[in-house]
Amino acid sequence: MKKLLLILIALSTLLLAACGDREAYRAHRAERNKPRVVAMEHSVMLMRRPYPQIHILADGNLRIDDIGIPTDEHQRTLLREVFVKMQILRQNTLTSDTTQARAPKIQAPANLVIFPPELIAAVPELRDYTECFDNLVAER
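When you line the sequence shown up against mature numbering (1 follows the signal peptide of the UniProt record, and there is no 0), it's residues -17 to -1, 1 to 123, in that order.
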């Protein structure tokens, strides 16, 4: 009788554990899979699955999956401007009351154009990532 009771308790514990908050998990997974631009300390990363990650570095260099992409001086200037704008927004976001969030969303001012159309025309590697530009995130 004792063994039967222990088995029933174990099974009920497993059943309760399996009935976790699936909706919260689905929402979390959906948010993680959204295309986004992540402002990190030393780079700005563009993420859109299934495409590779693009990193814009402080010096204006562009890396796709850790492979350096050759850019001319005009392209590097435009990429440096994007990096600087994203770093300013990142710092403003992280200094406000965002201590509870690991990667808080960045609220850019309406009049600020971070990714100008000129950049997309000058750097063709960014064309497939335009839907990322609406979801800006600051990484700690």
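Glycine included, C-beta positions come from ideal geometry on N, C-alpha and C.
Answer with buried or exposed for L45, where buried requires no fewer than 16 other C-beta atoms within 10 angstroms of its C-beta. Taking the first residue of the sequence shown as 1, we reach residue 45 at position 62. With 16 or more other Cβ atoms within 10 Å, it is buried.
With distances taken from CA atoms, which of E56, Y34 and L(-10) is nearest D48? Here residue 48 refers to the residue found at position 65 of the sequence shown. When only C-alpha atoms are compared, the closest one is Y34.
Among the candidates I(-11), H25, K(-15) and R15, whose CA atom is the shortest distance from the CA of K88? Locating residue 88 in the sequence shown gives position 105, counting from the first residue. The shortest C-alpha separation from K88 is found at R15.
For V67, which three-state DSSP category applies? One-based indexing of the sequence shown puts residue 67 at position 84. Helix, per DSSP.
Taking the runs of the alpha helix (DSSP H) that are 4 residues or longer, which of them lie wholly in the segment 16 to 99? 56 to 78
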